[in-house]
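Those protein sequence lines, which keep their order, are chains W, R, S, Z, Y and B.
All residue numbers for the first sequence refer to the numbering used here, where the first residue is 56 and numbers rise by one.
All residue numbers for the second sequence refer to the numbering used here, where the first residue is 56 and numbers rise by one.
All residue numbers for the third sequence refer to the numbering used here, where the first residue is 56 and numbers rise by one.
All residue numbers for the fourth sequence refer to the numbering used here, where the first residue is 56 and numbers rise by one.
All residue numbers for the fifth sequence refer to the numbering used here, where the first residue is 56 and numbers rise by one.
All residue numbers for the sixth sequence refer to the numbering used here, where the first residue is 56 and numbers rise by one.
All C-beta atoms, glycine included, are put in the ideal place defined by N, C-alpha and C.
Note that this is a predicted model, so its numbers are computed, not measured.
In what follows, a single structure is set out as structure tokens and then discussed.
Protein chains: 6
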Amino acid sequence: MRLQLMTWMEVEAHLNGNRGIIIPIGSTEQHGPNGLFGTDAICPEVIADRAAETLGCIVGPTISIGMAQHHLAFPGSIALRPSTLMAVVRDSVLSLARNGFERFYFLNGHGGNIATVSAAFSEIYAEKSLAVGPNQPHVRCKLANWFAFPAVKEISKELYGDRDGSHATASEISVTQYAYPEHIKKVDMDPAPPRPRPFYDAEDYRLIHPDGRIGADSFLATPEAGARLVEASAAGVVEDYRSFMAEA
Amino acid sequence: MRLQLMTWMEVEAHLNGNRGIIIPIGSTEQHGPNGLFGTDAICPEVIADRAAETLGCIVGPTISIGMAQHHLAFPGSIALRPSTLMAVVRDSVLSLARNGFERFYFLNGHGGNIATVSAAFSEIYAEKSLAVGPNQPHVRCKLANWFAFPAVKEISKELYGDRDGSHATASEISVTQYAYPEHIKKVDMDPAPPRPRPFYDAEDYRLIHPDGRIGADSFLATPEAGARLVEASAAGVVEDYRSFMAEA
Amino acid sequence: MRLQLMTWMEVEAHLNGNRGIIIPIGSTEQHGPNGLFGTDAICPEVIADRAAETLGCIVGPTISIGMAQHHLAFPGSIALRPSTLMAVVRDSVLSLARNGFERFYFLNGHGGNIATVSAAFSEIYAEKSLAVGPNQPHVRCKLANWFAFPAVKEISKELYGDRDGSHATASEISVTQYAYPEHIKKVDMDPAPPRPRPFYDAEDYRLIHPDGRIGADSFLATPEAGARLVEASAAGVVEDYRSFMAEA
Amino acid sequence: MRLQLMTWMEVEAHLNGNRGIIIPIGSTEQHGPNGLFGTDAICPEVIADRAAETLGCIVGPTISIGMAQHHLAFPGSIALRPSTLMAVVRDSVLSLARNGFERFYFLNGHGGNIATVSAAFSEIYAEKSLAVGPNQPHVRCKLANWFAFPAVKEISKELYGDRDGSHATASEISVTQYAYPEHIKKVDMDPAPPRPRPFYDAEDYRLIHPDGRIGADSFLATPEAGARLVEASAAGVVEDYRSFMAEA
Amino acid sequence: MRLQLMTWMEVEAHLNGNRGIIIPIGSTEQHGPNGLFGTDAICPEVIADRAAETLGCIVGPTISIGMAQHHLAFPGSIALRPSTLMAVVRDSVLSLARNGFERFYFLNGHGGNIATVSAAFSEIYAEKSLAVGPNQPHVRCKLANWFAFPAVKEISKELYGDRDGSHATASEISVTQYAYPEHIKKVDMDPAPPRPRPFYDAEDYRLIHPDGRIGADSFLATPEAGARLVEASAAGVVEDYRSFMAEA
Amino acid sequence: MRLQLMTWMEVEAHLNGNRGIIIPIGSTEQHGPNGLFGTDAICPEVIADRAAETLGCIVGPTISIGMAQHHLAFPGSIALRPSTLMAVVRDSVLSLARNGFERFYFLNGHGGNIATVSAAFSEIYAEKSLAVGPNQPHVRCKLANWFAFPAVKEISKELYGDRDGSHATASEISVTQYAYPEHIKKVDMDPAPPRPRPFYDAEDYRLIHPDGRIGADSFLATPEAGARLVEASAAGVVEDYRSFMAEA
Ligand code: NI
Ligand code: NI
Ligand code: NI
Ligand code: NI
Ligand code: NI
Ligand code: NI
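Written as structure tokens, this is what we have:
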């Protein structure tokens, strides 16, 4: 169930015994010649929906802008500074915690978010850890990446091997093609060269990755691969979420 | 065109002569017994899409969490503090401005956002106004409320008169019923009492508006009304956006 | 009674049964060829003093610098960023609330403050709304513009019609001439042209409003008009403040 | 000349060859049984006006709320957190610097402001010192305390000796009695006991200084003493300001 | 060479052709019954010194307080909020960058710092990536963990296997015993139980790890093991730093 | 005892009846031709260690980077903005206070820190002073400068008179020569000229103090003088700390 499509009375009823929520988090950033800006938001959103069908849990509104400073030399990319994204995560968690949500499962689609979202969790905990009194709620936050479940990695490897790459991957583009088949882009491109070295700021990124991809043969994407990946990732989420909820 | 469904090369091409963008902005907050949490985000999103068909312009990702502190006593509501939302608006605008976007048309669905988003615009301008040098980009931001175009107000008045109310209005719920007909909620409720006085913080709001509505007979909503409202509002956006782009 | 001219024991005594305070808030910004920098602070200060004579209430120290980024291309103008002004309002309210003040009536003289001060109120409420516990005080804040009471608008219209304008208005300059007759400036100027379009940042403002006025024939100001306006506005404040204090 | 009573054209003309400004800064805080809340703002304001007559310089709007956390256990006291006051000082200085002001002479009336205002100056400088480029203006800020000029100290000593104290001093109350003779308060009080130890937070302050004074026999204040002190302090300001402006 | 023991003229001379610096970063937090609070700062400091002997590079002052909110239920632990640590890293990097340092190699001793320091790097880059102009310096930052070099991991595994644990590890305590042999603590303790589940805030951490260790048989530490680990880690740093400096 | 070399159980035991801690705070900044970057951190660290031997108290980790914006035109200098240093001091104090530390004695080595650290104390107090409830701990913070004890000043005067100067003083360099005899730098330099005027930002500082010293004949430093100064300052700390702990 998407929170956005529920009423507050439905949420109130659901909170009896269900203290968890899945929050998809992504980015709005270039994904190479044939990848969509919304790729990193679309993937976890689609997978969260699928997992929630099984879990019967609530899926919060997708945080669709993330920490993507390195993509800012490509027009259309949007980035929150880490400090801004941390404030968004904090306010969202504390809002929901105020009325009884206790466990927050962020399903992430963007590698660039990982450090910042982890720091955001620590910022939330730190407010409580620094305080002597009992005023702040006791929350638990977890970040999972849709692309990191073993079964997902196996499919990516089987289908694309090294050619999957690390940005604008054939895998993630497949998922968006599955989700939005009417928006599949046909673009000619060469196989991507290997990553020469790490990137730093936006100018630097574009210098070494001029068309936006990192080592990814994005043109290998297919909606059929997307369907398999969504299924596998949703199964991973189901198991991982259940284990998070079952923690003592 | 939704930015999320475009590639960066498409955006780059589009930027030749098109420096504007529409950004829907809403909230995730209770909307009474039969209103959806996502009402304020769904409305401007649907209307922006419709207007963009005519305008041929880009629609950015919806900012779906807003300044909704007053709804926080209802479970499921999410609020960004004004300072957080201001940072989100600032980073989004500066990200896009970096690569050539110049005019930002925020289409808003939530009254509670108006002051904060206006303050956010001033915060962006202030960075530039306080500086002597020419480092910051020259941007223009405008906020329009989907429900405030004269033609929209007329329809609301014709259909609901005073019973439209000011939160969880029959009008906004109609738009969501039109957009998500499979999520129309059937809930019994009485006509809403008149607003006794202004509300202040979240506890205070729930005290005087116990089921979340403010003077709204939300049960009068129909998807047919929604269709009319979307059409009228989109027409208002088309005209208003064109005039914003045409400014000297 | 001006707080600045009272002792703490007088305030303590007054707080028995009087939980309200009026806080004038203005700006320090250019007001065209014959308008004073302090116009927006002087007007609410004078009017608050007059109203307080009737109300027997306390008038806090005037916040004389406001959100005036758009005037910064004129030498002498001072602006607080929205985030700074929000911190000032927050700290002031919480300081007074700590010892028993509960209702804060900000009497405003500057249109540019409205959004930011409203956002500041929400920032204060949000600290409480986001918290589960009962630690923060329960305060109510209200913003009223001295120039917006119906009786004030009628006088402005009667005296100046459309020529009153929207910045450096004949009305506000009249009030300062009444308050500081020894500082009436005689300056030749033409009738102001109509406002061509909205302004954005400071550079933009000066570009389209080169002498600082917006559509205002400021030379029409007279101290006699000022006297009438002060009287009318003070009467508006008295009624509005009483109704604010009487709220359940 | 008070900036608040000037027009922007007058300021523009004045800036030819005069790059300095005096900004009075005070506090709104309890000053014992017979001292006014505004004492610390009134004193530098009156003295700045007097000095400016001789200097022919501009006096900016008084910053009348300061860093007074330690007085917050007395009703009516208002405090800005240090971080808030720093933002106010920064924005004010940069606003004026944008159009040509270069030397900022803060005339202070409140010991509690000294550290914070000094830190604010460093925060302003640090923005420039950390940057490689030449974007920020080159400003110089100075803080002077009206009560610290040798001639002022001599008068205080001559008149009150040790009984002047360190808060709600007979000297500062004298200045306010001179400035506002109609607001002289007649209150019985005992000689103040000596200061037992330093104070820390607000609760602690009130615990050891229950009527608000620190070692001050405030009842010794007279308007005649105030007149002498104002004269002496203004002379100190004139000399000190001239030397600040004359710096290479 | 430790920066703290150099003069500025030595640094200026060194900067000719050497644009890198190593900055040790640790924490001040409980390390179980026999571990020192300074463990996470001491380890990278000792190893950086050793590596710098070979590299001939500068070692900046150790950042000895880190992001350790989860240890705050143990007396003596000190934590910076993520936002604070990010500001420290930013200011330090920009300070050094202002005068020519370009590549910053942070040698880290505390797992809890990783996300926050990575977010800090992004915050630095984001300032530049969001800006159009060329005002900010072009810097590169890298974080390496002293305990993560393959040769280090092999020694840990060889010596302690699974009993090394993940906090207050036998390995890190060995390094401190090597560095401070006069401060080896003899404390009786049982083998550590396995980690039951992830920890969240400080209270939660102490609940599930009552003596502070996580799965670590810290009593196995020896100064001899420390010597080996320092040697291996320093060799790893030498190679890694050289490769960072050699990047195009 | 250095906290960094203790275990948490030792701290817990110590806290029975000992609620104080000494925290050395310095800077990393140029100290002229023969002074070490670490001078301001080394001095209070060495003196705190010596005093703690007598006092039997805990010495926290040295805050070795301070507010040194004015030194940033010399390569190698590092500065925290005042707002950053305030956050560091706040988080450190609140971390220790959470578990029972109550009195914080900062031993300072850098004049540039004084205002900022004092403001930081007020920021800590203000959080509590602004709050009605009892949630924040009741702490007391004190700042003492190692060089300001009367006995220290006498030695400096006896040895160096006016030639001690005010930055890169012969006295402070003597202390570092005593502490690090193997790092005594032999550099030719002329007697320092007198200070022409106050400095402002970093560029300005270097302009008027081109080799970094302010009025200091730093070449007069000797390790023997350092030994005497350490002894005298440590004795001052012992007495001052005891009196701070003895406060009611
Ligand atoms: Ni991606
Ligand atoms: Ni709504
Ligand atoms: Ni005005
Ligand atoms: Ni005073
Ligand atoms: Ni460790
Ligand atoms: Ni020094």
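Spell out whether any CB of chain Z is found under 9 Å from the CB atom of Leu149 of chain Y.
Locating residue 149 of chain Y in the fifth sequence gives position 94, counting from the first residue. So yes, Leu149 of chain Y belongs to the interface.
Please go through the region 182-256 of chain W and give each complete beta strand (DSSP E) segment of 3 or more residues, from N-terminal end onward.
195-200
Can you give me the C-alpha to C-alpha distance between Val285 of chain Z and Tyr233 of chain Z, rounded to a whole angstrom?
Your numbering for residue 285 of chain Z matches position 230 in the fourth sequence. Your numbering for residue 233 of chain Z matches position 178 in the fourth sequence. Roughly 9 Å between the two C-alpha positions.
Hey, quick one: how far does the beta strand (DSSP E) through Ile80 of chain Z stretch, first residue to last?
By 1-based counting over the fourth sequence, the position of residue 80 of chain Z is 25. Taken as a continuous stretch (DSSP letters only), the beta strand (DSSP E) holding Ile80 of chain Z covers 75-80.
Are at least three pairs of beta-carbons, each pair with one atom in the region 194-201 of chain S and one in the region 151-169 of chain S, less than 8 Å apart?
The region 194-201 of chain S vs the region 151-169 of chain S: in contact.
Who are the Cβ neighbours of Pro88 of chain W in its own chain at under 6 Å, not counting the five residues just before and after it?
As a first step, residue 88 of chain W must be located in the first sequence, where it is residue number 33. Counting only Cβ-Cβ distances below 6 Å, and skipping sequence neighbours, we find Val242, Met244, Asp266.
Give me the Cα-Cα distance between Ser132 of chain Y and Ser147 of chain B, rounded to the nearest whole angstrom.
For the purposes of this step, residue 132 of chain Y is taken as residue 77 along the fifth sequence, with counting starting at 1. For the purposes of this step, residue 147 of chain B is taken as residue 92 along the sixth sequence, with counting starting at 1. Straight-line Cα distance between these residues: approximately 9 Å.
Does Asn71 of chain R pass the burial test, meaning 16 or more other C-beta atoms within 10 Å, or should it be called exposed?
Walking along the second sequence from the start, residue 71 of chain R turns up at place 16. Asn71 of chain R should be labelled exposed.
Say yes only if the C-beta of Asp272 of chain Z is nearer than 8 Å to one or more non-hydrogen atoms of ligand 4, and no if none qualify.
Sequence index remark: in the fourth sequence, residue 272 of chain Z carries index 217 (1-based). No, the Cβ of Asp272 of chain Z stays beyond 8 Å of every heavy atom of ligand 4.
Are the CB atoms of His126 of chain S and Tyr296 of chain S within a distance shorter than 9 Å?
As a working mapping, residue 296 of chain S is identified with position 241 in the third sequence. As a working mapping, residue 126 of chain S is identified with position 71 in the third sequence. Cβ distance not < 9 Å, so Tyr296 of chain S and His126 of chain S don't count as in contact.
Within 10 Å of its beta-carbon, does Arg252 of chain B have 16 or more other beta-carbons around it, so buried, or fewer, so exposed?
Looking up residue 252 of chain B in the sixth sequence gives position 197. Exposed: under 16 other Cβ atoms inside 10 Å.
Which residue from R:Ala223, R:Glu227, R:Val143, R:Val207 puts its Cα closest to that of Ile179 of chain R?
Along the second sequence, read from residue 1 onward, the residue named residue 179 of chain R stands at position 124. The shortest C-alpha separation from Ile179 of chain R is found at R:Val143.
Applying the 10 Å Cβ sphere with the 16-neighbour rule, what's the burial state of Leu149 of chain B?
Position 94 of the sixth sequence, counted from the first residue, corresponds to residue 149 of chain B. Classification of Leu149 of chain B: buried, given that the 10 Å Cβ count is 16 or more.
Nearest chain Z C-beta to Ile113 of chain S closer than 9 Å, yes or no?
Position 58 of the third sequence, counting from 1, holds the residue named residue 113 of chain S. Judged by the 9 Å Cβ criterion, Ile113 of chain S is in contact with chain Z.
Indicate whether at least one CB of chain S lies closer than 9 Å to the CB of Tyr255 of chain R.
Locating residue 255 of chain R in the second sequence gives position 200, where the first residue counts as 1. True, the Cβ-Cβ gap to chain S drops below 9 Å.
Run through the DSSP bridge pairs and tell me what Leu162 of chain W is partnered with.
Taking the first sequence and counting its residues from 1, the one referred to as residue 162 of chain W is at position 107. Beta-bridge pairing links Leu162 of chain W to W:Pro79, W:Ala199.
State the start and end residues of the unbroken alpha helix (DSSP H) segment that holds His69 of chain W.
One-based indexing of the first sequence puts residue 69 of chain W at position 14. First-last of the alpha helix (DSSP H) with His69 of chain W: 63-69.
Would you kindly work out how many angstroms separate the C-alpha atoms of Thr139 of chain Y and Ile239 of chain R, rounded to a whole number?
Taking the fifth sequence and counting its residues from 1, the one referred to as residue 139 of chain Y is at position 84. Taking the second sequence and counting its residues from 1, the one referred to as residue 239 of chain R is at position 184. If you take the alpha carbons of Thr139 of chain Y and Ile239 of chain R, they lie about 47 Å apart.
So which residues of chain Z does Arg136 of chain Y contact, with C-beta pairs closer than 7 Å?
As a first step, residue 136 of chain Y is located in the fifth sequence; it is residue number 81 there, counting from the start. Correct list: empty, because the minimum Cβ distance to chain Z is about 14 Å.
So Thr94 of chain Y is in the alpha helix (DSSP H); what residue range does that whole segment cover?
By one-based count along the fifth sequence, residue 94 of chain Y stands at place 39. First-last of the alpha helix (DSSP H) with Thr94 of chain Y: 94-110.
At a cut-off of 8 Å, is Ala142 of chain Z close to ligand 4 when judged by its beta-carbon and the heavy atoms of the ligand?
Here residue 142 of chain Z refers to the residue found at position 87 when the fourth sequence is read from its first residue. Ala142 of chain Z: no, Cβ never under 8 Å from ligand 4.
Quick one: what's got a C-beta closer than 6 Å to Gly167 of chain Z's C-beta in the same chain, skipping five residues either side?
Residue 167 of chain Z sits at position 112 when you count from the first residue of the fourth sequence. Residues of the same chain with a CB within less than 6 Å of the CB of Gly167 of chain Z, apart from the 5 flanking positions on each side, are Met122, Ala123 in chain order.
Buried or exposed: which applies to Thr109 of chain W, given that a residue is buried once 16 or more other Cβ atoms fall within 10 Å of its Cβ?
Taking the first sequence and counting its residues from 1, one reaches residue 109 of chain W at position 54. Exposed, because fewer than 16 other Cβ atoms sit within 10 Å of the Cβ of Thr109 of chain W.
Is the beta carbon of Asp219 of chain W within less than 8 Å of some heavy atom of ligand 1?
Position 164 of the first sequence holds residue 219 of chain W. No, the Cβ of Asp219 of chain W stays beyond 8 Å of every heavy atom of ligand 1.
Distance cutoff 9 Å, beta carbons only. Does Phe92 of chain S sit that close to anything in chain Z?
Walking along the third sequence from the start, residue 92 of chain S turns up at place 37. Chain Z has a Cβ within less than 9 Å of the Cβ of Phe92 of chain S.
What does the alpha-carbon distance come out to for the pair Ser308 of chain Y and Asp104 of chain W?
The structure shown does not extend to residue 308 of chain Y, since chain Y spans only 56 to 303, so no value can be given for it.
Tell me His86 of chain Y's beta-bridge partners as DSSP assigns them.
Locating residue 86 of chain Y in the fifth sequence gives position 31, counting from the first residue. Partner(s): Y:Gly90.
In the structure shown, what three-state DSSP assignment does Arg283 of chain R receive?
On the second sequence, residue 283 of chain R is found 228 positions in, with the first residue counted as 1. Arg283 of chain R: helix per DSSP, three-state reduction.
Please determine whether the Cβ atom of His193 of chain S lies at a distance below 8 Å from any heavy atom of ligand 5.
Walking along the third sequence from the start, residue 193 of chain S turns up at place 138. Because no heavy atom of ligand 5 lies under 8 Å away, the Cβ of His193 of chain S does not count as near it: no.
Among all the DSSP beta bridges, which residues are the ones paired with Val114 of chain Y?
Locating residue 114 of chain Y in the fifth sequence gives position 59, where the first residue counts as 1. DSSP output for Val114 of chain Y lists Y:Arg57, Y:Ile77 as bridge partner(s).
Inspect the beta-carbon positions of Gly281 of chain Z and Arg250 of chain Z and report whether they are closer than 9 Å.
In the fourth sequence, counting from the first residue as 1, residue 281 of chain Z sits at position 226. In the fourth sequence, counting from the first residue as 1, residue 250 of chain Z sits at position 195. No, they are not a contact pair.
What is the residue span of the alpha helix (DSSP H) that Asp146 of chain R lies within?
What you label residue 146 of chain R is simply residue 91 of the second sequence in a count that begins at 1. Looking at the DSSP string, the run of the alpha helix (DSSP H) that includes Asp146 of chain R is 137-153.
For chain Z, check one thing: does any of its Cβ atoms lie closer than 9 Å to the Cβ of Ser229 of chain R?
Reading the second sequence from its first residue, position 174 is the one you call residue 229 of chain R. Judged by the 9 Å Cβ criterion, Ser229 of chain R is not in contact with chain Z.
Consider the Cβ of Asp146 of chain Z: report whether some Cβ of chain R lies at a distance smaller than 9 Å.
The residue labelled residue 146 of chain Z in the question sits at position 91 within the fourth sequence. Yes - at least one Cβ of chain R is within 9 Å of the one on Asp146 of chain Z.
Whose C-alpha, out of R:Gln85, R:Ala206, R:Ala289, R:His222, is nearest the C-alpha of Val114 of chain R?
Numbered from 1 along the second sequence, position 59 holds the residue referred to as residue 114 of chain R. Proximity to Val114 of chain R across R:Gln85, R:Ala206, R:Ala289, R:His222 peaks at R:Ala289, based on C-alpha coordinates.
Who are the neighbours of Val143 of chain Y on chain B, taking C-beta pairs under 7 Å?
Within the fifth sequence, the letter at position 88 stands for residue 143 of chain Y. The contacting residues are Leu135, Thr139, Val143.
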